[in-house]
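One structure below.
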Amino acid sequence: MSRLELRHVRKAFGGLDVLADISLSVGAGEFVSILGPSGAGKSTLFQLLTGAEHGEGEMSFDGAPLDDHGRHFAFMPQRDALMPWRRILDNTTLGLEVQGMRRQAARARVAPLFAEFGLAGFERHFPAQLSGGMRQRAALLRTVVQQRDMLLLDEPFGALDALTRTAMQRWLEQMWRHHRWTALLITHDVREAVFLSDRIYVLSARPARIVREIKVPLPRPRSLGGDAARQASALEAEILDIILNPQSIQRTRP
Amino acid sequence: MISVGLLLLAWELYATYSGIRPTILPAPSRVFEQATLNREALADNAVPTIRATLLGFACSLSAAFALSMLVDFFQPLRRALFPVFIISQTLPLVAIAPLVVLWFGFGLAPKIMLVALVTFFPMLVALVEGYESTEAEIGQMLRAMGAGRWRIFLLARLPSALPYFFAGLRISITYAVVGAIFAEYAGAAKGLGIYMLNAKNNFRPDLVLAAVGVSAALTLILFGLTVLVQRLAMPWERAGKKTGGTGPRR
Ligand SMILES: Nc1ncnc2c1ncn2[C@@H]1O[C@H](COP(=O)(O)OP(=O)(O)O)[C@@H](O)[C@H]1O
Ligand SMILES: [Mg+2]
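Read top to bottom, the protein sequences are chains C and R.
Per the working numbering, residue 536 is the first one in the first sequence, and the count goes up by one each step.
Per the working numbering, residue 5 is the first one in the second sequence, and the count goes up by one each step.
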């Protein structure tokens, strides 16, 4: 059932080993997170997937090797990468335009989604006129309208203040329940990973290897109270322990 | 504006009360008076200067644009060509201007060449650095969307270069006027440069300064035009400033 499959992927920049050994898979309609410290090599992994860099190891999508880069993934870079000179509407149609869709058709496709993304009324604004949270929603809208097989989200909420970030996480979880995107999310925020994911891969510091794969058995919609919240907290504590005490991995491995 | 006014006032007072002869340092009022009296001759001589400035600038802009694209697509060219351009910037205008006039005559051609020479490199550097300023994430994202190099250039690199382009434009346009006047100084039938030279030879510093005033006004107008064009071409800049920080960015 798995769509994306990586086996023993490695990457070095010059003499710098960044990815030591990455094997992972993402199934159809699954929300998977890669959780690791800053500088571990998380963004580098997306560079390999989008074809910006080349590494060693096997990468396949739906069983076929990943060589035709850029066909399967809709990629949302770490910074929102909105073009300051394009109005929000034209920023969100960018991927469709690159795919060859006419501007009018692309706008017609995107416009109805503005309300759902909390951007109604801001179609004609420039990115600099939007708040951080709105910019991220616009970047996400630009990503999902491409209708690719899978979303690659690189720390989408990393630059937001804590309140906005929490609001955006809840919003994204709700969106995901409606759309069931196949998604791979990069984050260094343990709570975010637990709140959003079906599965989490915990990465070591550079050179990155996967130290643990964790299933998140919490029911959806994810709630912030009650029994599920206690379970989530326990899971968060366990993950933090893995990240902060790498030597204890063998001991805690189930 | 106020500083210019104060400077003129001090100059006026000095020229009037220090007893200095008007053939050495004329008062601004006299310069203005003479400029009005000779306005037809001044206008007549300003036209070729404006023509040389604009044509020369248009040439250097087109050349800089074409070459900047070439350099952007073939990086090795940059290392090969830039030393040549840098050397071209170190050539003293005083020495080059008479030579170019000697080779190409008193016509329009040598003026255009000199204006192009002094403005080409700043524009080229501005454009090349502007392309380089493109956010790496935007490039990576466009590539993931399936865009080729040409597409990425048009969609991202070219617009990213706009602020650099206009900064270069503002500097170059002032060089352009100076370049044109220098070229005329070295030899011309008509133009502000040759007008200054003749006035100086006739011991008329008031007319020299009147011509300087015209060239300064010309530069200011051109400068103002570039600012205006920038505002029209980059509406997002002002839009961003007006609302300022509506929230945390990045
Ligand atoms: N193009 C590159 N060339 C050289 N080193 C790179 C390049 N891209 C990333 N790196 C290095 O790889 C390491 C991991 O970077 P990155 O993948 O961005 O980390 P993360 O996203 O986990 O914070 C860093 O030390 C960074 O300096
Ligand atoms: Mg990163």
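Note that CB positions come from ideal geometry on N, CA and C, so glycine has one too.
Minimum Cβ-Cβ distance from residue i to chain R less than 7 Å
{"i": "Arg614/C", "result": "yes"}
{"i": "Thr585/C", "result": "yes"}
{"i": "Gly630/C", "result": "yes"}
{"i": "Ala663/C", "result": "yes"}
{"i": "Trp716/C", "result": "no"}
{"i": "Phe610/C", "result": "yes"}
{"i": "Pro600/C", "result": "no"}
{"i": "Pro619/C", "result": "yes"}
Below-7 Å beta-carbon distance, residue i vs any chain C residue
{"i": "Arg235/R", "result": "no"}
{"i": "Ala70/R", "result": "no"}
{"i": "Gly228/R", "result": "no"}
{"i": "Trp15/R", "result": "no"}
{"i": "Gly244/R", "result": "yes"}
{"i": "Gly251/R", "result": "Because the pLDDT of Gly251/R is 40, which lies under 50, any placement of that residue in the model is unreliable, and the number read from its coordinates should be weighed accordingly. It does: the Cβ of Gly251/R has a partner Cβ on chain C nearer than 7 Å."}
Contact under 7 Å by Cβ, residue i with residue j
{"i": "Thr53/R", "j": "Ala214/R", "result": "no"}
{"i": "Tyr135/R", "j": "Asp76/R", "result": "yes"}
{"i": "Ala67/R", "j": "Phe124/R", "result": "yes"}
{"i": "Ile198/R", "j": "Ala190/R", "result": "no"}
{"i": "Leu719/C", "j": "Leu687/C", "result": "yes"}
{"i": "Ala165/R", "j": "Leu131/R", "result": "yes"}
{"i": "Gly195/R", "j": "Ile116/R", "result": "no"}
{"i": "Gln681/C", "j": "Gly630/C", "result": "yes"}
{"i": "Glu727/C", "j": "Arg757/C", "result": "no"}
{"i": "Glu141/R", "j": "Ala616/C", "result": "yes"}
{"i": "Ala575/C", "j": "Arg705/C", "result": "no"}
{"i": "Arg538/C", "j": "Val561/C", "result": "yes"}
{"i": "Ala120/R", "j": "Ser72/R", "result": "no"}
{"i": "Glu16/R", "j": "Ala31/R", "result": "yes"}
{"i": "Pro114/R", "j": "Val122/R", "result": "no"}
{"i": "Ile569/C", "j": "Ile778/C", "result": "no"}
{"i": "Ala763/C", "j": "Leu753/C", "result": "yes"}
{"i": "Leu624/C", "j": "Glu591/C", "result": "no"}
{"i": "Leu50/R", "j": "Val218/R", "result": "Just to set this straight, residue 50/R is Ala in the shown sequence, not Leu. Yes. Within cutoff."}
{"i": "Ser578/C", "j": "Asp689/C", "result": "yes"}
Heavy atom of ligand 2 within 6 Å of residue i beta-carbon
{"i": "Lys115/R", "result": "no"}
{"i": "Arg613/C", "result": "For the sequence presented, residue 613/C should be read as Gln rather than Arg. Result yes, Cβ under 6 Å from ligand 2."}
{"i": "Lys577/C", "result": "yes"}
Backbone secondary structure at residue i - three-state DSSP
{"i": "Val216/R", "result": "helix"}
{"i": "Pro572/C", "result": "coil"}
{"i": "Ala237/R", "result": "helix"}
{"i": "Met117/R", "result": "helix"}
{"i": "Ser72/R", "result": "helix"}
{"i": "His714/C", "result": "helix"}
{"i": "Asp615/C", "result": "coil"}
{"i": "Glu540/C", "result": "strand"}
{"i": "Pro600/C", "result": "strand"}
{"i": "Phe157/R", "result": "helix"}
{"i": "Met127/R", "result": "helix"}
{"i": "Leu686/C", "result": "strand"}
{"i": "Arg744/C", "result": "strand"}
{"i": "Ile28/R", "result": "coil"}
{"i": "Gly738/C", "result": "It is Leu, not Gly, that sits at residue 738/C in the sequence shown. Reduced to three states, the DSSP call for Leu738/C is strand."}
{"i": "Lys194/R", "result": "coil"}
Cβ-heavy atom distance, residue i to ligand 1, below 6 Å
{"i": "Ser137/R", "result": "no"}
{"i": "Gly574/C", "result": "yes"}
{"i": "Phe548/C", "result": "yes"}
{"i": "Val553/C", "result": "yes"}
Q.
Please identify, using Cβ separations under 9 Å, the residues of the segment 144-175 of chain R that lie next to chain C, in order along the chain.
A. Gln144, Met145, Leu146, Arg147, Ala148, Met149, Gly150, Ala151, Arg155, Leu159, Ala160, Pro163, Ser164 and Leu166
Q) For the segment 129-143 of chain R, which residues have a beta carbon sitting closer than 9 Å to at least one beta carbon of chain C? A) Glu139, Ala140, Glu141, Ile142 and Gly143
Q) Along the segment 633-651 of chain C, what residues have a CB closer than 8 Å to any CB found in chain R? A) Val633 and Gln634
Q | Within 8 Å of chain C by C-beta, residues of the segment 77-109 of chain R in sequence order | A | none
**Q.** Proximal residues, the segment 688-714 of chain C versus chain R, C-beta separation under 8 Å
**A.** Ala694, Leu695, Asp696 and Thr699
Q. Closer than 8 Å, Cβ to any Cβ of chain R: which residues of the segment 556-582 of chain C, in chain order?
A. Gln582
Q: Below 8 Å between beta carbons is the criterion; list the residues of the segment 669-684 of chain C that meet it against any residue of chain R, in chain order.
A: Met669, Arg670 and Gln681
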